Amino acid sequence: MDNVGGAGIDLRTMGLMRVIVTRVADRRVEHLAVQAPDDATEQELARRLDTSARDQPVGEHRGPRIPLVHGADLDPVPEARTPSTPGVTSAGVPRLVVATGPDAGGTAPLPPGRWVTLGRDPRCDLTIADPGLSRRHVRVRQDRDGVRVEDLGSTNGVTWESGLDGEDRRWPPGDRLLVGASGVVLVPRPPAPIRQVLVGGRLEVEPWPRPTTTVPTREFSTPAPPDRRRVRPPSAWAWSLPLVVALAVAVVLRMPWLLLFGLLGPAMVLGHHLGDRRTARLEHEEGRAAHEVARAAHRAQAEVCLQQELDRLRQQHPGLVSVVTSLNPHPSVALWQCAAEPLTVTLGEHVRDSGVRLEGEPLRHLAAPLPLTFEGPLVLAGDRATRDGLARALLLQLATAYPPGTWTLVVDPDRPPGATWDLLAWLPHTRTADDRVDGLPVVWGRDLVLVEDLSQAPAGATRVQLLGPTDAVLQLPGQPDLPFRPTTLGLARARSLARTLAPLQARRAADADDGTPALPGEAPPLGAIVAWPATPDEAVSGWRRPGTDVPLGTDASGSPVTVDLVRDGPHALVAGTTGSGKSELLRTLITGLALRSSPADLALLLVDFKGGSSLGDCARLPHVTGMVTDLDPHLAARVLTSLQAELTHREARLAEAGVKDARDLPGLPRLVVVIDEFRVLAEEVPEVMSGLVRLAAVGRSLGVHLVLATQRPAGVVGADLRANVNLRIALRVRDGTDSQDVIETPAAALLPEGRPGLALWRTGADAPRAVQVARVGPPARGGSSWQVTITDDVWAARRVLERGEEQGPGEDGLGTVAEVLRAAARQLGAGPPVVWHPPLPAHLDAVPDAPGAWALADLPARQRREPLSWSPTEHLAVVGAARSGRSTTLRSVLSRTPGAWLVVLDLGRSLEATELRRHPGLLAWVEPDDLAHGLRVLDRLDDLVRSRLAEGATGRDPVVLAVDGWDRFVDLVEGLERGRAEEVALRILREGPAAGVVGLVTGDRSLLFGKVSSLLPHTWAHRLNDPGDLLMTGLRPHQVPVDHPPGRLVGMRDGVEAHVALPADAVGDPPPGAPPVVCRPLPRRWSPSGPRPAWAVGGDEAGPLARPDGSVLVLGPPGSGRSHALALLQAGRTPVLVDPTAPSGRDELEDLLAGAGPGGLVVVDDAHLLAGTPLEDVLVQAVTAYRLDLVVAADIDAAAGAFRGLVPLAARHRTGLLLQPTSPGQGSLLGVGVPVGDLPLPGRGVLVQRGRCTRVQLAAPDLGKG
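Anchor point for the sequence shown: position 322 equals 322 in UniProt numbering, and the numbering is continuous, going up by one each time.
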């Protein structure tokens, strides 16, 4: 809502004013909420209020016409009044102003030769409600020789702030008259009146900032007073030596009288000493006198500097003096001069140290202003009269020092603050709770709180405790209390000042002459100046003669103003500050173009970086081929790429037809690109500028037009772009520099506030012309523009005007015309060309019309989208962070890749319950805890690659190695056989494509920078935790999407963006022929069946295995199933069992072994317990002598260091079973390095037969047998 004065009314319909005026009727004050034409007068309002005179012609009213102004007080007979002429009455006359005290803010002119009386009596010229004043206290008169002051026999007398004798009858220049508790200042030269322009019931003024002043620090330091010079007494040698010499001479010469000459020496010494003492005394007296003179001079200079500092402080913080002089007797140049300064108010006067120091001690101000920076909340506590008086003084200071827009007083109109605070409704800074708040918000009751006692104050607030009319304490959080004398403002004076402020509104000043052309009046609806179709047939009729010339608004004479992008362009630049109507101008231009040409002749591309709030309605037009509402570098670059592709397409069309201009090629529609907030685009995505410059350079001949809108064009519209922008439109801008940058004149900065849509436009070197932009809407319906509502209080009047504003003067916006145009386009079968596809969807079930595609790619450079399918001839890698959709991508690719064999390394268990488990071509499935199986699978694939390469045959069925989680794969196999699994996998990826073995790999950033990255020709990236990783691969910032939902991909090769389709339910038929590789995982538990059950399963087929013949060595840790393995290996034979825990006697054992005979079987469990015992020697000798088969079970770690005995004897046959091996070296007894990494399951191990290792799983014991 634009700031248009005290009522806070948003004048969207120019030409109508909405004001509040008052009148006295039946001895009560009525507030009139008036809606009227902007040139209405008080006489016209009076005629409408007076039913007897309503039919009287306006011309029969005699007297001057008084314009109707917001806040006016209507006299009973308005014809008797004369229009106010600011600056005529009392201009230049000195004024007396009550600056401080319990009733400050009063003022009276001091005309020459007339006495002005001050006192408590209402009949005085200047009444001051101060208990310390007499009824008639003092009078003042301006004479030729100065200003005379005469005490009228007051009780408390008259004093001067400077301390001069109160009997002095002349007003000392710059001094302050003290009467009672009040201070009166003389303003000899009041500020000059400010220029006012009447616009729609408001008075526009141009505030100018005041010069900044600083208060320097001064220090006066007098050297210390001189000390008296010390005169040393004469030496004894000086007076005694002459006497001694004289005595000696007198004795030698026998002349006693010579002793008289000896007395001359002491006499001379004494005289010199006395003279030196006198000189020192005189020098000391002279130095003291000079010191006193210097000290007095410094004291006088310090007093002068102290007074100068006080004057500067009062100029910097004038308090109510500035309030009075800025509004009385007329608004002056002192109004709103602190717009660029922090919000500061003056609470009153206090005692404070100055910046002047004398002899190291600061001098004190006894009545310095007490400023307070308003940062809220502020709590005022005390008796109601003093508290409200201080609050009124503070609010009026803010209202006259800072213009609307720098701060806003927020008041809830449904709960007004009371009858004594109706003045708030008149302040131009006041807004209701539902209005837009400009600048710093000051919420009544929250940021400014009035309470009876400080116990009701919120914690952490700045508090003022008012102890009386002349005594208060400021309490700042974390600082000591500061006493001061408050300055309060009476209710009547505050109301008068607020009413004076009511019609005023700020207008920006510019350093230029007032060369603004004549301004138009009311903004008409667009339907009033262009045909507004109501049916599709009417729309089709309007499209019969397409063109780019559209009415934009009206000029000062009310005639339509037409702009033509072909004639006046080809490109346009629009500038305007917030609230100037820039977005409405764009909507008018877009709607006018849509009404003028069909979608077959005109296409619109809208770029709105306000989230669609500016141009959102226009997206419903059938001409719109695309709309961008979000600001990020990726989408901005995408739009630019689409536009460049469109330029290339148009250039090809023109070259094919053999013409040089789009106007010569029928069927090629014009494209208008509208970019709102162009400055934000240029700052956020600077690389876009070069593309727009090229578009602007070739756009004319290719039929492409740019409309660039921004708040401030300075710095973003370069010379290359400006050279092709011929049509320039400037609405109201903040300063003359912005206006100069657009239309080469500062006139746009002088356009009034509160007039959205009022603009200056120019083409080429023509002079600027004014236009009132039409608002989008149908022709206005008939009706009266006058509406008058009588209310009892000003808050009710505000509510009336606000309700009227919400209802609006008529229908605005596209309304139903968008649907009419869409119906007309369907009737003609016309549509705009596809210039820009909307962004990819965040969810894609399947790619339309492409059942074999796993993703949909966005190709703005080709102006189309393409399905992505994968032929398993090259590797495909998918990079992404957790939960970015990389596993889903793998599933989607595999579910749409028929005719391939599949090997899956599901290292994150994210594929377990998916459709891949049912894949007809599944060869092997590796889980993360079965690394030995994974290594065996990789070995088999490596063997397959080698065999196929050796055969050299082509056309083999492809085999896909799907690794879900390459980073986890590397971590898991790092300690497995010294990382051999990673080496095998890398070799498969390096050599596999030539043999029909390809990889489908997912993982984190390691796929971009690890050893595997060079082997992956096609890499797509999902969202990463650090987007900078994508930039390190060579992608440019605009190629990285800001919005990266799960499933969104970016190609590492060319930056193409794509989105993954969800996996298909059906996975297709299996490949023909036999599987090239069989490598099934071992069961975690296996129970045999059949009449002759097998003892174990193993190998790549995971099938039953035959029992090994001869001697067998069984090694394993405790709990690995050694004893059960012995039982399985001895099945069907009668062995000699040796239990080390309960050994037989030597003789008995020898007899048993001898009785077994050749080919017998000896089974020893826990053979490591027999190591080095005589019983072991017996067994070794008997087995060797009788050629017995030996099946030995031992602890795998204990048997590692055995060099003799049963374990080495059984190992000679190189057949053994290693259960749960953890190191390849544990097979050294059998002469092999065993594979490791298998599951630590009972019965899981490796069968070694003559150097060949086979992973096995022993048959589980039958738990049902007792």
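C-beta: ideal position from N, C-alpha, C; glycine also.
What you are looking at is a predicted structure, and each value in this text was computed from that prediction instead of being measured.
Do residue j and residue i come within 9 Å of each other at the CB atom, strictly closer than that value?
i, j, result
"T1033", "A877", "no"
"L347", "S354", "no"
"P191", "S326", "yes"
"A682", "P520", "no"
"residue 1267", "L164", "Outside the displayed span of the chain (1 to 1266) sits residue 1267, for which this structure offers no information."
"D738", "E677", "no"
"R218", "H350", "no"
"L1126", "V1136", "no"
"P1063", "W901", "no"
"L665", "A657", "yes"
"T100", "L68", "no"
"E283", "P318", "no"
"E533", "L595", "Just to set this straight, residue 533 is Pro in the shown sequence, not Glu. Closer than 9 Å, so yes."
"L606", "P546", "no"
Using the Cβ count rule (16 or more neighbours within 10 Å means buried), how would you classify residue i?
i, result
"R170", "exposed"
"K660", "exposed"
"W854", "buried"
"W115", "exposed"
"D130", "buried"
"V1078", "exposed"
"L274", "exposed"
"K1011", "exposed"
"Q456", "exposed"
"R679", "buried"
"D568", "buried"
"L343", "buried"
"A1210", "buried"
"M17", "buried"
"F969", "buried"
"H272", "exposed"
"G899", "exposed"
Any idea which residues DSSP pairs residue i with across the strands?
i, result
"H365", "R352"
"I729", "V574 and W761"
"Q1161", "The sequence shown places Leu at residue 1161, not Gln. The partner list for L1161 (beta bridge, DSSP) reads P1135 and D1189."
"F220", "L358"
"F484", "A472"
"I20", "A33"
"A104", "L489"
"T1254", "L1247"
Measure the beta-carbon distance from residue i to residue j and round it to whole angstroms, keeping in mind my assumption that it falls under 8 Å.
i, j, result
"L1031", "A1021", "Not a contact, Cβ separation roughly 11 Å."
"G1205", "E1176", "5 Å"
"V550", "G592", "3 Å"
"E30", "I790", "5 Å"
"residue 1268", "A932", "For residue 1268 there is no data in the structure shown, the boundaries of the chain being 1 and 1266."
- For the 8 Å Cβ check, are there 3 or more pairs between the stretch 1047-1054 and the stretch 872-889? yes
- Query: Do the stretch 578-594 and the stretch 611-625 meet, that is, are 3 or more Cβ pairs less than 8 Å apart?
  - Reply: Yes, since at least three Cβ pairs between the stretch 578-594 and the stretch 611-625 fall closer than 8 Å, the two stretches touch.
- Validate contact between the stretch 991-998 and the stretch 943-953 using beta carbons, cut 8 Å, 3 pairs: Result yes; three or more Cβ-Cβ pairs closer than 8 Å.
- Query: Looking at C-beta atoms only, is the number of pairs between the stretch 1216-1229 and the stretch 1140-1150 that lie closer than 8 Å three or more?
  - Reply: no
- Query: Hey, is the stretch 491-503 in contact with the stretch 379-398, meaning 3+ C-beta pairs nearer than 8 Å?
  - Reply: yes
- Should the stretch 701-714 be called in touch with the stretch 731-750, which here means at least 3 C-beta pairs below 8 Å? yes
- Segment contact, 8 Å Cβ cut-off, at least three pairs: the stretch 1184-1194 with the stretch 1160-1173: Output reads yes: the stretch 1160-1173 touches the stretch 1184-1194.
- Message: Would you call the stretch 222-230 in contact with the stretch 284-292, where contact means no fewer than 3 C-beta pairs closer than 8 Å?
- Response: yes
- Query: Any contact of the stretch 974-994 with the stretch 858-870, i.e. 3+ C-beta pairs under 8 Å?
  - Reply: Contact check between the stretch 974-994 and the stretch 858-870: fewer than three CB pairs, one atom from each, fall below 8 Å, which does not count as touching.
- Any contact of the stretch 357-371 with the stretch 383-394, i.e. 3+ C-beta pairs under 8 Å? no
- Message: Using a Cβ distance threshold of 8 Å, determine whether the stretch 689-702 contacts the stretch 644-651, with at least three qualifying pairs required.
- Response: With the cut-off at 8 Å, the stretch 689-702 and the stretch 644-651 touch.
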